[in-house]
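Protein chains in written order, with the working numbering: chain A, 1460 to 2062; chain B, 747 to 1239.
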């Protein structure tokens, strides 16, 4: 045997040896397939080859394939489609009849100015379905067809999969009523810093503040993406202010960043949680949105749908390029609700493209109730994602804050911290050059640099800052900090903007007379190589407060962490707080599945 | 049934490739070795079939598929039979090379060249994964589906009346693409072998054939007869397969993995022309060597490269200027050689461009009436979606997209730039690099020129920016191998 191996290694590798190795690998593969019912490495080739042609539309990996599959099985060659992408129709549905948006035969369609003329144009050509791929081409959004598809009287969404959509065009305009809803009229909250592609997983958004809901306050919003400290933050932002009539007017502005998003979202609370106000699904079939837009930039409208038990999913229902030269553009969009939907949010975003500035006016949203039967949208392969029952607010640690001012004023900034050293740097960004595409002129004037000492107690620092009209004030922590509470004073009033707490396990101390040894355990899912930070805030009867810093621990994926510490004597309430700092990637967030505290008995 | 079709299609490619190789070997250009001629002919086989099919469909439309099939395969077979001794030499030599390859894989060789072996192993793994994906993935991308659909129409008509397809058919199908229809012809040819069916099963063989050919060609040019180096070869193939976007295009059945290696082949053969007429030692002075046959063959290869796609039109000026500025001939002979080359290439590859000029007034036609419509404003839409709104974006995301989007282009352009700066002298002394540099410079000049006059034609499509990728891969591989040598020298000293 030894001799064999010696020769095997010493001699040249023969074709027979290679063949033997391949055969052995195949044998292992085959055995595994018999034993486990699945292969170890690849899908069995013959399966793939066999399903390629026949089962291709049933292949869930094929984007939008289920819309084509639906069309194949549920429409006839007598139906006529208007299609905004030809490839799949031409190849997989080649016995159907359609009108392609590129076809020069319908060039005159693009000259139409009225949506009812456009509707009639398509009816005259026997069109009864409209297929839109997972993006809206300029032939759609720059023609009256966008208004037709955005009007429930003319059309409604019928099949939806992977963002690909099939609309049905009604044979005659179908009367419908606009139902008002608390869900949509509670104002918009602004969100800044979501990253491209996160719409599908709303949990990755920064948690919006209640304070940034438009309504009583003129000022709102403002946050930058800072999941990645020091990773190239840029001033981006939006604001929502009431116009002269008191209607909300939304204003988005963002730098050339290509990635970060500015967004407005309806309803209070975190975007992945259902908003207030459910609607009657026996009556309501969908939602219709109308707003005006001007400026320059890319605009998207998304719909977030929630079931009664909190499951949700999201999809883009409109995207367009807004151009300065075209003046004010009116945007119409509609979405049909999925069968289990009971509440929804509308999300309007810059789409993360280029830089730009958009002014959105008179946003108006209706729940759609048809006067005749309610048509049901058929939704394929986009199931609702149910959040974990015990999922706590999925938060990012915010290191930066921005304010936008409208006139000369003095803003009092206050920063507070417990438990750790903190250094803050603020600067002003004057928005001086509005004409150029580059909207922001940055300067470093007005900086202030403060350092907090290490402390177990709460430290507060305040400073007045003079601002000019149209100034962005950006404050940023210059080093990693684990807990930052900010109290901006405005007009002498203390407003608590936010408090970042990832666990809210307020407990009472069973026996508070002595110092006790305590262990804090945490089961959580965290991104690769994260620092998980824990601290315990505590209160003493009669008002004393304090904090015990437990420090960071490196963790990855599904993890269980423990900290051991001395719980001070005479504490009656304490509150463990977790946070994390992700050094390597900016994806994901912490998901806490279980946290508990053990306190040793004195005996 | 599918197995018979499959074997038939592969056999037809084999016949065509061998026929080309026989002609090359008979005329002793582009290479003197039979195996090298076979390798260089590999990419031309399906292309030659496509070209002849195109000519037949133009002048003799409407016949049954079997007529076209037997005509084309008959011509190829006849060529091989007439040149049967050459064919024996070529296939014998190729087989000797191939059968000797396993003998080279010894532990001793692996130990003595660990880096080279590792690179080749990596390339082999990537190749296998890509080949599996080619065969396993359905066609999902937009352009390939339209190519395959239009080819169905052409295969059913067996004529070019519907190419370009304008106005639309009764079904509504409309495809006004006016590229030279090489890819369509390849697909039609594959459909013919299915006997009435038009599935995508056989089409995958086209892509596999070109993947093998591209890797072999890259290995061949990187190996260099005068300075063989497994490390350079390994780097070359690995860089080629390590360009993510290229592999994505291969597996999604795009035309680019066919036109790009053909463009590269055109420049490779131009380099061989330079070697044969100007740089190789020989009995006669460069100015007295017979040039007609090498120039004709170079013209043929360049012409087939032009036939592959509209961008192939660039290959002619690339090849001509590379020859003109690098050769050692007298001015008159330079002009003569470039003229022979150019006329041959135009004869083979200019058909569609002439037709476009007649139909649309321009040789290259890459637009749609609806795009020109003012209200639709397609150009702005493209600029926004592709991040080309501002001038700086057109520079970083257009002109310099090779460097700014590593998820598409890998690191090979960075390697080429860095190694090019460090080893510029040895790269400049390498004739091949100079020839390819000419192609790169002209392509870049075109991109800059079109961009500066406000036309996004070249920069708007990330696929177009892949055009000169093999040249870059060659420079990067040469530089990386040179760096490896430099390190070895330092270590030995």
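Don't be surprised by glycine CBs; every beta carbon is placed ideally from N, CA and C.
Alpha carbon to alpha carbon, how far is residue j from residue i? Give it in angstroms, no decimals.
i	j	result
residue 1061/B	residue 1190/B	13 Å
residue 753/B	residue 878/B	18 Å
residue 1582/A	residue 895/B	27 Å
residue 944/B	residue 1809/A	43 Å
residue 1610/A	residue 886/B	31 Å
residue 1064/B	residue 1198/B	21 Å
residue 1722/A	residue 1209/B	32 Å
residue 1552/A	residue 919/B	11 Å
residue 805/B	residue 909/B	14 Å
residue 991/B	residue 2058/A	57 Å
residue 872/B	residue 1554/A	39 Å
residue 1066/B	residue 783/B	22 Å
residue 1574/A	residue 1604/A	7 Å
residue 993/B	residue 936/B	22 Å
residue 1747/A	residue 1735/A	18 Å
residue 1640/A	residue 1595/A	28 Å
residue 777/B	residue 958/B	20 Å
residue 1556/A	residue 1546/A	14 Å
residue 1525/A	residue 1837/A	11 Å
residue 1737/A	residue 1056/B	57 Å
residue 800/B	residue 760/B	19 Å
residue 1218/B	residue 1566/A	43 Å
residue 1227/B	residue 1751/A	59 Å
Flag residue i as yes if its beta-carbon sits less than 8 Å from any beta-carbon of chain B, otherwise no.
i	result
residue 1777/A	no
residue 1598/A	yes
residue 1570/A	yes
residue 2041/A	Reliability fails at residue 2041/A, whose pLDDT of 45 lies under 50, so the model's placement of it is uncertain and the value that follows must be treated cautiously. Judged by the 8 Å Cβ criterion, residue 2041/A is not in contact with chain B.
residue 1558/A	yes
residue 1588/A	no
residue 1979/A	no
residue 1809/A	no
residue 1561/A	yes
residue 1578/A	no
residue 1822/A	no
residue 2055/A	no
residue 1564/A	yes
residue 1601/A	yes
residue 1567/A	no
With respect to 7 Å, is the separation between the Cβ of residue i and the closest non-hydrogen atom of the ligand HEM below this value?
i	result
residue 973/B	With respect to small molecules bound, the structure shown includes none, and the ligand HEM cannot be examined in it.
Between the beta-carbon of residue i and the beta-carbon of residue j, is there less than 8 Å?
i	j	result
residue 1828/A	residue 1760/A	no
residue 1820/A	residue 1754/A	no
residue 1220/B	residue 968/B	yes
residue 1779/A	residue 1790/A	yes
residue 1122/B	residue 1597/A	yes
residue 768/B	residue 842/B	no
residue 1051/B	residue 1011/B	yes
residue 1806/A	residue 1757/A	no
residue 1225/B	residue 1149/B	no
residue 1975/A	residue 2056/A	no
Kindly say whether residue i, judged by its beta-carbon, lies nearer than 8 Å to any beta-carbon of chain A.
i	result
residue 1105/B	no
residue 755/B	no
residue 1130/B	yes
residue 1115/B	yes
residue 888/B	yes
For my contact list, residue i and residue j are in at a C-beta cut-off of 8 Å; report their separation, rounded to the angstrom.
i	j	result
residue 1184/B	residue 1008/B	Contact doesn't hold; Cβ gap of about 17 Å is too wide.
residue 1745/A	residue 1830/A	Between residue 1830/A and residue 1745/A the Cβ distance is about 14 Å, and since that is not below 8 Å, they are no contact.
**Q.** Residues of the segment 1777 to 1798 of chain A with Cβ closer than 8 Å to any Cβ of chain B, in chain order
**A.** Listed by position along the chain: 1780 and 1782.
**Q.** Interface residues of the segment 909 to 940 of chain B facing chain A [CB-CB below 9 Å]
**A.** So the list reads 912, 913, 914, 916, 917, 918, 919, 920, 921 and 922, given in the order they occur along the chain.
Q) Of all the residues that make up the segment 1529 to 1549 of chain A, which are near chain B by a beta-carbon distance shorter than 7 Å? A) 1544, 1545, 1546, 1547 and 1549
Q. Going along the segment 1039 to 1050 of chain B in order, which residues come within less than 8 Å of chain A, judged by CB to CB distance?
A. none
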